[in-house]
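>
Protein chains: 2
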Amino acid sequence: MFPDGTAVTVDVLCEGVHFDDRLSAADVGFKAVAVSVSDLAAMGAEPERFVLAVCHPGPSHEWTQSFAEGVGEACRTFGIDLVGGDTTRASSISVGVTAFGQVVAEPLVRSGAMPGDVLYVVGWLGLAGAGYRLAEPSVAALDALRRPRPPVSFALDLARRGWASAAMDASDGPARDLPRLARASGVRVVLDPGAIPVHADLLDHAERRDLMLGAGDDYALLFTSSAPLADLDALATEHGVAVAAIGHLEAGEGAVCTDGAWPSGAWSHFGERS
Amino acid sequence: MFPDGTAVTVDVLCEGVHFDDRLSAADVGFKAVAVSVSDLAAMGAEPERFVLAVCHPGPSHEWTQSFAEGVGEACRTFGIDLVGGDTTRASSISVGVTAFGQVVAEPLVRSGAMPGDVLYVVGWLGLAGAGYRLAEPSVAALDALRRPRPPVSFALDLARRGWASAAMDASDGPARDLPRLARASGVRVVLDPGAIPVHADLLDHAERRDLMLGAGDDYALLFTSSAPLADLDALATEHGVAVAAIGHLEAGEGAVCTDGAWPSGAWSHFGERS
Chain A
1 MFPDGTAVTV DVLCEGVHFD DRLSAADVGF KAVAVSVSDL AAMGAEPERF
51 VLAVCHPGPS HEWTQSFAEG VGEACRTFGI DLVGGDTTRA SSISVGVTAF
101 GQVVAEPLVR SGAMPGDVLY VVGWLGLAGA GYRLAEPSVA ALDALRRPRP
151 PVSFALDLAR RGWASAAMDA SDGPARDLPR LARASGVRVV LDPGAIPVHA
201 DLLDHAERRD LMLGAGDDYA LLFTSSAPLA DLDALATEHG VAVAAIGHLE
251 AGEGAVCTDG AWPSGAWSHF GERS
Chain B
1 MFPDGTAVTV DVLCEGVHFD DRLSAADVGF KAVAVSVSDL AAMGAEPERF
51 VLAVCHPGPS HEWTQSFAEG VGEACRTFGI DLVGGDTTRA SSISVGVTAF
101 GQVVAEPLVR SGAMPGDVLY VVGWLGLAGA GYRLAEPSVA ALDALRRPRP
151 PVSFALDLAR RGWASAAMDA SDGPARDLPR LARASGVRVV LDPGAIPVHA
201 DLLDHAERRD LMLGAGDDYA LLFTSSAPLA DLDALATEHG VAVAAIGHLE
251 AGEGAVCTDG AWPSGAWSHF GERS
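Residue numbers (the numbering used here), protein chains in the order written: chain A, 1 to 274; chain B, 1 to 274.
(1) Against chain A, with Cβ distances strictly below 8 Å, would residue 177 of chain B count as a contact?
(2) What residue range is occupied by the uninterrupted beta strand (DSSP E) comprising residue 118 of chain B?
(3) If you check the beta carbons only, do residue 218 of chain B and residue 144 of chain B fall under 8 Å apart?
(4) Name the DSSP beta bridge partners of residue 260 of chain A, please?
(5) Starting from the C-beta of residue 52 of chain A, find all residues in its chain whose C-beta is less than 8 Å away, skip the five residues before and the five after it, and write them out in chain order.
(6) Using a C-beta cutoff of 8 Å, does residue 241 of chain A count as contacting chain B?
(7) Under the three-state reduction of DSSP, which class applies to residue 91 of chain B: helix, strand or coil?
(8) Closer than 8 Å is the cut-off here; do at least three beta carbon pairs connect the region 105 to 112 of chain A with the region 153 to 166 of chain A?
(9) With 7 Å as the C-beta to C-beta threshold (strictly closer), list the residues of the region 78 to 111 of chain B near chain A in chain order.
(10) Within this structure, are the beta carbons of residue 199 of chain B and residue 124 of chain B separated by less than 8 Å?
(11) Note down, in chain order, every chain B residue with its Cβ under 8 Å from the Cβ of residue 70 of chain A.
(12) Are the beta-carbon atoms of residue 44 of chain B and residue 105 of chain B separated by less than 8 Å?
(13) List the residues of chain A that residue 194 of chain B touches, going by C-beta distances under 8 Å, in chain order.
(14) Identify, in the order they occur along the chain, each residue of the same chain with its Cβ nearer than 6 Å to the Cβ of residue 54 of chain A, setting aside the five sequence neighbours on each side.
(15) Please confirm whether residue 17 of chain B has its beta-carbon closer than 8 Å to some beta-carbon of chain A.
(16) Can you tell me which of the three DSSP states residue 104 of chain B falls into?
(17) Which chain B residues are close to residue 135 of chain A, counting only those with a beta carbon under 7 Å from its beta carbon?
(18) With distance defined between alpha-carbon atoms, name the residue in A:256, A:185, A:29 and A:237 nearest to residue 213 of chain A.
(19) Below 8 Å, can you find three or more Cβ-Cβ pairs linking the region 177 to 189 of chain A to the region 240 to 256 of chain A?
(20) For a contact meaning CB atoms closer than 8 Å, what does residue 20 of chain A contact in chain B?
(21) Measuring only the C-alpha atoms, how far is residue 152 of chain A from residue 138 of chain B?
(22) Here's a check: name, in chain order, each residue in its chain whose Cβ is nearer than 8 Å to the Cβ of residue 23 of chain B, leaving out the five neighbours to either side.
(23) Go ahead and pull the three-state DSSP assignment for residue 271 of chain B.
(24) Establish whether the CB of residue 12 of chain B and some CB of chain A are separated by less than 8 Å.
(25) Output the distance between the C-alpha atoms of residue 107 of chain A and residue 162 of chain A, rounded to the nearest integer angstrom.
(26) Identify, in the order they occur along the chain, each residue of the same chain with its Cβ nearer than 6 Å to the Cβ of residue 79 of chain B, setting aside the five sequence neighbours on each side.
(27) Given that residue 4 of chain B touches chain A, what residues does it touch there, using C-beta distances under 8 Å?
(28) Quick one: which unbroken alpha helix (DSSP H) runs of 4-plus residues sit fully inside the region 43 to 99 of chain B? Chain order, please.
(29) Could you pull the start and end residues of the beta strand (DSSP E) that residue 204 of chain B belongs to?
(30) Find the residues of chain A that neighbour residue 8 of chain B, judging by a C-beta separation of less than 9 Å, and give them in chain order.
(31) What first and last residue would you give for the beta strand (DSSP E) that runs through residue 275 of chain B?
(32) Note down, in chain order, all residues in the region 52 to 63 of chain A with a beta-carbon under 9 Å from any beta-carbon belonging to chain B.
(33) Could you name the residues of the same chain whose beta carbon sits closer than 6 Å to that of residue 29 of chain B, not counting the 5 residues immediately before and after it, in chain order?
(34) So which of B:26, B:36, B:48 and B:14 has the shortest CA-CA distance to residue 5 of chain B?
(35) Label residue 178 of chain B either buried or exposed according to how many other C-beta atoms from any shown protein chain fall within 10 Å of its C-beta, with 16 as the threshold for buried.
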């Protein structure tokens, strides 16, 4: 996007849309940064800096302090620096982050998937959705909702090795994200929902499939590759994450499931026209 | 701010705070870009690119089209490119712009004003405030409110020549902005309100002084300089703008007016602690 290999991403978290009182001010601060870090990593860019735009009807000293602590914790966790910002009064809380990173090799894009490639996921799907939707979510589900930990170092090493033909983060859930990947690459995605690893806290949940495919907000990494699974596994182990093959690409268009109809996406931000 | 001479700025315009129905969707789009361009120019940076974060409860096709037209017009007016964005649902409209520019020489900063320097303004003060506050604003006042035209090319040439010891845009009005400049530079600002050029549409207005000093939203350029006025005048003429000496700097701190008490600033975004 920038001539010198700088990648940039912009994301806004809005109260009532992206978060509610399940998130503390510190959680909102942490998550706003984590969401942008996830996007940079999925582009193959090392997170470096960000600017912050905070809108608030009138924050208490406690809110501001807690928010700043969450932002600071994200800075330390992800090795990214806050370099500027704007604060303004507004009728509801929103936190915008514009983040910059340096592409480590070739950028990871959505448009490179080829027929025959395998589709992989790194990170749990549906866990943050459970944290948001369930009346009594587990500790792990709430943590996934509040403190997303995108697999940054794995994504960057994947980019360095040139093993991914396409990549994106699953921020809106595979139901909405994978058709975008298919469209960008000019291929058909064949997803095998039964192959997606299920977190223990979701095993007994009736709406598990919907949560995993449609809830979004997980910041797991989706990527396609023709590299040997053993190599990907070894790389994942090195970074303390797990990689799972959850489908493949074939000639054609769109996205299909091996176990039934393609799920409808759960989110419908007005900008989405998929 | 960035090692390679890239300047970055972030600003959010919120409905009900920064704009209301006096601005069309096109005006909001134009102004969101213009505000960031103004900030870049006042840093001595040539505007190059920006990303856009749009929050909206649910825009009509007409709103979106009008907004995009305003953004596009600003891109053409200021020679800046839209390179990315995010759209999201929210309870009220806000438009965030993070903009990037290339510093043309040394950056213009707020911290370089010296005792003995003269304080200058380029652009009308109070006109946008009249557009916002008056029951029957003039055409020029509404235009200043809706379509700010910061003196970009003048600011950049000023930076290239190294003639400004300090600079900033008057986005919050001199009443709030000048004390910041004084603090950043460690000097006292002595403002002569009677020397500020008065737009014809404000001549008969009883609250003229308050509008000019406190209303803000003008995106005029404030700068300090020890260069000869004749040189500054010639440069201004070259760029089709007018420069006016409106005060000076002296040893000390704070900001004083030659004609009475320092006016209270009109805006009070929560982030301000001046």
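Ideal placement from N, C-alpha and C gives every residue a C-beta, glycine not left out.
Note that the coordinates shown come from a computational prediction; the quantities given were computed from them, not determined experimentally.
Once the coordinates are examined:
(1) no
(2) 118 to 122
(3) Taking 8 Å as the cut-off, the Cβ atoms of residue 218 of chain B and residue 144 of chain B count as close.
(4) Paired residue(s): A:257.
(5) 32, 71, 82, 84, 85, 86, 95, 96 and 97
(6) no
(7) coil
(8) yes
(9) 83, 84, 85, 86, 87, 88, 89, 90, 91, 92, 94, 96 and 98
(10) yes
(11) Simply none; closest approach about 17 Å.
(12) yes
(13) Going along chain A, no residue has its Cβ under 8 Å from residue 194 of chain B, so there is no contact; the nearest lies around 33 Å.
(14) 87 and 95
(15) So, interface residue.
(16) coil
(17) Residues of chain B passing the Cβ test: none, with the nearest at roughly 24 Å.
(18) A:256
(19) yes
(20) Neighbours of residue 20 of chain A on chain B: none; closest Cβ ~12 Å, over 8 Å.
(21) 54 Å
(22) Here the set comprises 31, 145 and 146.
(23) With a pLDDT of 36 at residue 271 of chain B, under the threshold of 50, the modelled position of that residue is not reliable, and no figure is offered here.
(24) yes
(25) 9 Å
(26) none
(27) 4
(28) Those alpha helix (DSSP H) runs which fall completely within the region 43 to 99 of chain B and span 4+ residues are 61 to 78.
(29) Run containing residue 204 of chain B: none; DSSP gives neither H nor E here.
(30) 49, 51, 83, 84, 98 and 100
(31) Past the boundaries of the shown model lies residue 275 of chain B; chain B is included only from 1 to 274, so the question cannot be answered.
(32) 52, 53, 54, 55, 56, 57, 58 and 59
(33) 67, 70 and 71
(34) Of the residues B:26, B:36, B:48 and B:14, the one whose Cα lies closest to the Cα of residue 5 of chain B is B:48.
(35) buried
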